[in-house]
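Visitor: Supplied in structure tokens, the structure appears directly below.
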Amino acid sequence: MALAIEVSGLKKNFREKGRDSWAVRGIGLKVKKGEIYGFLGPNGAGKSTTIFMLSTLVTPTSGRARVLGHDIVEEANDIRKKMGICVSGTQFYYEFYPREILHYYGMLFGMGRKERNAKADELMAALDINPFKDKYFGDLSTGMKQKVAIAKSLMNSPEVLFLDEPTAGLDVEVARDIRQYIADLAKDTGMTVLLTSHQLYEVEEMCRDISVINRGRIIAEGGIKRIRERMGFPDVVRLYLDKYTGLKFLGGMKGVLDWEVNDGLRIEAVSSPSAVPEIIRTLQKRRYRIMDMEVTKASLEDMFMKIVKEKGRRKYVE
Amino acid sequence: MWNEAKAYIYKHWQLNKRWPGETANLLVYPFIGLLSIGLFAMFLQNQGGAASALLFVMIGVVSWNFYEHSQRSVTYAMTFDIWGTCLKHGYTTSARTRHFIMGNAIWGFVTSCFSLVTVGLVGWAAFGINIFAGGAFLMANMFSIFLFALGIGMIVDFLMLHKGIKWMSLIWMMTGILMIFSGVYYPIDILPLPAKMVSLALPPTHSIISLRAAMGLGEASVVVPELLWGLGLSVLFLAMGMFLYKAGIEKGKKNGIITKF
């Protein structure tokens with residue numbers, strides 16, 4: 448599949464007072480067209496700097512990156528025509544109405560009046576901005592402001608959208624609305640989204656593939672499922688059986704890491720597509736009746752914490 | 029091309045409508061300057077000063093008012109974004125430097141002309157001085173001052189992008205510093221030689237001399253040469269401003285200043 452974002456060896460040094468200050472230390476990234484890609488990392492890891500470089504707001508110190516086939520340094524204006532960006536806590540002129548903000552940025556994209564009106568109408572309806580259209584931006588709540596920011600980033604119908612913590616500080620309902628709208632839009636239009644977020648459930652919900660950056664380096668990359676497997680996080684299976692005797696054979700089973708009987712049978716199994724089905728088949732062969740079961744996989748949060756704690760000593764790259 | 033440039037005019041228009049301070053910049057401050065300096069000149073005239081003092085000062089006031097409005101159109105285009113913490117958004121659109129210059133220049137020229145007309149009319153009514161008698165020379169010299177102001181505005185923008193907003197006060201400081209050297213309230217002949225050299229390198233000095241001469245305060249033979257000197261220097265400052273503004277954006281992208289606002 449064609450790539451929307453292709454990065455190799457990208458570095459950024461914000462040299463201050465003669466001292467090096469590396470924000471990004473040579474990263475690579477490949478994001479397919481139409482994908483919603485998660486870009487994670489703790490505070491100060493280099494996420495925002497990377498997004499600012501890809502959106503042509505910051506010039507890299509070295510390395511190469513192409514967005515929609517255009518070089519981020521040489522062909523920056525070609526990229527800007529086709530991209531949108533929304534960062535957390537976005538601000539605009541406080542004395543502008545939401546529609547005026549959309550018109551202003553529509554004009555900066557060279558859109559004519561009719562086109563601007565149509566797009567502003569569409570976005571204000573889709574993001575439910577109309578109920579507060581008569582309020583100045585400065586009088587809006589954080590969630591409303593962020594909706595306007597999202598709408599602004601979509602004014603030019605971008606092919607690539609950079610979202611830097613778009614739902615930070617928002618209440619659950621607004622965050623869910625925004626997530627849903629972006630996911631639907633990406634599906635309908637084939638728009639590529641590079642998403643950073645501290646809400647890891649949000650990333651897990653929206654993205655199939657992720658990269659984790661820490662201290663300016665990519666330390667995990669690939670499908671969430673594959674990274675989970677590579678990290679060796681067990682799947683926890685809780686089985687409710689008709690009897691709990693004669694289970695010692697589990698200890699010798701391939702794929703079983705640990706087991707105990709405690710509120711049913713709790714098994715820690717290797718996270719792989721075959722381990723849990725094999726355990727179930729074996730139990731059924733031995734005439735155990737399974738009354739109920741739960742499988743819990745390591746959350747992205749568990750994975751993220753482990754990756755970051757290891758401080759890049761191990762890499763989880765597909 | 030037009031839509032992108034129009035965006036900057038639209039922004040100025042909306043903010044001027046809604047920021048009382050901006051409206052004051054356009055409607056109140058010029059009159060404070062005009063009336064206070066005009067009355068002071070009138071007082072000196074009544075104390076036995078030259079009869080031409082009032083006309084001399086009025087030409088300076090009107091010219092400098094034109095300069096201030098024109099410069100602000102460019103520098104405020106950026107400071108509005110810095111104050112609104114939305115500088116970065118403008119640089120993620122397809123609008124380019126030429127759109128920025130065109131939009132802000134149109135706004136600057138229109139508001140400066142508006143201010144020129146109103147200040148001129150008030151000056152005429154209050155002091156009986158008809159600045160419009162300068163005719164084509166008035167407009168040509170104001171145009172020269174306008175080009176210079178755009179250049180200086182972009183140089184200030186460059187400094188803010190290069191060094192950060194601590195340089196923002198230059199917007200106002202620059203106006204004052206340049207005024208000292210531009211012979212707004214006095215002939216530059218009274219300046220010490222080094223300061224006079226600086227004066228001669230500044231386009232408004234020549235434009236103001238040309239306009240004064242065109243209105244009878246000097247030799248008629250200097251009207252056109254001084255006008256042309258002023259225009260030539262203004263074009264140089266404008267070219268320098270455009271070059272530095274572009275360099276400022278590149279620097280702002282290197283040092284990350286654009287992303288902070």
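Top to bottom, those sequences are chains A and B. Every position in the first sequence, counted from 1, becomes a number in this note's numbering once 447 is added. Every position in the second sequence, counted from 1, becomes a number in this note's numbering once 28 is added. Quick reminder that beta carbons are idealized off the backbone N, C-alpha and C, glycines included.
1. Measure from the C-beta of Lys-528(A) to each C-beta in chain B and report whether the shortest distance is under 7 Å.
2. At which residues does the beta strand (DSSP E) containing Asn-661(A) begin and terminate?
3. Could you tell me whether any Cβ in chain A is nearer than 7 Å to the Cβ of Arg-46(B)?
4. Does DSSP classify Thr-113(B) as helix, strand or coil?
5. Report all residues from its chain with a CB closer than 8 Å to the CB of Ile-199(B); omit the five preceding and five following residues, and keep chain order.
6. Identify the contact partners of Glu-542(A) in chain B, using a Cβ-Cβ distance below 8 Å as the criterion.
7. Relative to the C-alpha of Gly-493(A), which candidate in Thr-643(A), Leu-549(A), Ala-722(A), Pro-720(A) has its C-alpha closest?
8. Could you tell me which residues DSSP pairs with Val-703(A) in its beta bridges?
9. Looking at the strands, I want to know which residues DSSP matches up with His-517(A).
10. Classify Glu-676(A) as helix, strand or coil using the three-state DSSP reduction.
11. Using alpha carbons as the reference points, say which of Leu-515(A), Asp-631(A), Gly-473(A), Gln-593(A) lies closest to Ser-502(A).
12. Can you round the beta-carbon distance between Val-607(A) and Met-530(A) to whole angstroms, since I take them to be within the 8 Å contact cut?
13. Taking C-beta to C-beta, are Lys-116(B) and Thr-287(B) nearer than 7 Å?
14. Starting from the C-beta of Asp-525(A), find all residues in its chain whose C-beta is less than 7 Å away, skip the five residues before and the five after it, and write them out in chain order.
15. Could you name the residues of the region 106-124 of chain B whose beta carbon sits closer than 8 Å to any beta carbon of chain A, in the order they occur along the chain?
16. So, are the CB atoms of Leu-641(A) and Phe-609(A) less than 7 Å apart?
17. Closer than 8 Å is the cut-off here; do at least three beta carbon pairs connect the region 148-168 of chain B with the region 561-577 of chain A?
18. Going by the beta-carbon positions, is the gap between Thr-496(A) and Lys-282(B) smaller than 7 Å?
19. With which residues is Tyr-687(A) paired in a DSSP beta bridge?
20. Under 7 Å between the Cβ atoms of Ser-227(B) and Ile-218(B)?
21. Just to confirm before moving on: does the CB-CB distance between Val-683(A) and Thr-743(A) stay below 7 Å?
22. Are any of the Cβ atoms in chain B nearer than 7 Å to that of Phe-499(A)?
23. Tell whether a beta-carbon distance below 7 Å holds between Lys-479(A) and Glu-453(A).
24. With 16 other CB atoms within 10 Å as the buried threshold, where does Gly-637(A) fall?
25. Using C-beta distances below 7 Å, list every residue in its chain close to Arg-462(A), excluding the 5 sequence neighbours before and after it, in chain order.
26. Does the separation of the CB atoms of Thr-120(B) and Ile-532(A) fall below 7 Å?
27. In whole angstroms, what is the alpha-carbon distance linking Asp-611(A) and Glu-50(B)?
28. So, helix, strand or coil for Val-640(A), using DSSP?
29. Near Gly-616(A), what residues of its chain come up, given a Cβ to Cβ distance below 6 Å and the 5 sequence neighbours on each side ignored?
30. Would you decide whether Gly-181(B) is buried or exposed? Buried here means 16 or more other CB atoms lie within 10 Å of its CB.
31. Using 7 Å as the limit for Cβ to Cβ distance, is Ala-35(B) near chain A?
32. Using only the alpha-carbon positions, how far apart do Glu-652(A) and Gly-557(A) sit?
33. Just the Cα atoms here: how many angstroms apart are Ala-223(B) and Tyr-214(B)?
34. Tell me where the alpha helix (DSSP H) around Ser-172(B) begins and ends.
35. Rank Ile-110(B), Val-251(B), Ile-37(B) by C-alpha distance to the C-alpha of Met-196(B) and give the top, closest one.
36. Among Arg-677(A), Ala-567(A), Lys-592(A), whose alpha-carbon lies nearest the alpha-carbon of Pro-613(A)?
Guide: Once the coordinates are examined:
1. yes
2. Per DSSP, the continuous beta strand (DSSP E) segment holding Asn-661(A) begins and ends at 656-661.
3. yes
4. coil
5. Counting only Cβ-Cβ distances below 8 Å, and skipping sequence neighbours, we find Gln-99, Arg-100, Thr-103, Tyr-104, Thr-107, Val-184.
6. Gln-42, Leu-43, Arg-46, Trp-47
7. Thr-643(A)
8. Ala-716(A)
9. Val-514(A)
10. helix
11. Minimum Cα distance to Ser-502(A) is reached at Leu-515(A).
12. Going by Cβ atoms, the distance from Val-607(A) to Met-530(A) rounds to 5 Å, so yes, they are a contact pair.
13. yes
14. Scanning its chain for C-beta atoms nearer than 7 Å, with the 5 sequence neighbours on each side dropped, one finds around Asp-525(A) the residues His-517, in chain order.
15. Phe-108, Gly-112, Thr-113, Cys-114, Lys-116, His-117, Gly-118, Tyr-119, Thr-120, Thr-121, Ser-122, Ala-123, Arg-124
16. yes
17. For the pair of segments examined, the region 148-168 of chain B was found not to touch the region 561-577 of chain A: the number of CB pairs separated by less than 8 Å stays below three.
18. no
19. Asp-739(A)
20. no
21. yes
22. yes
23. no
24. Taking all protein chains shown into account, Gly-637(A) has fewer than 16 neighbouring C-beta atoms within 10 Å of its C-beta and is therefore exposed.
25. Ser-468
26. yes
27. For Asp-611(A) and Glu-50(B), the gap between their C-alpha atoms comes out near 34 Å.
28. In the displayed model, Val-640(A) falls within a strand according to three-state DSSP.
29. The answer, listed in chain order, is Thr-589.
30. buried
31. yes
32. 35 Å
33. 13 Å
34. It spans 163-191 - the alpha helix (DSSP H) in which Ser-172(B) sits, taken as one unbroken run.
35. Ile-110(B)
36. Lys-592(A)
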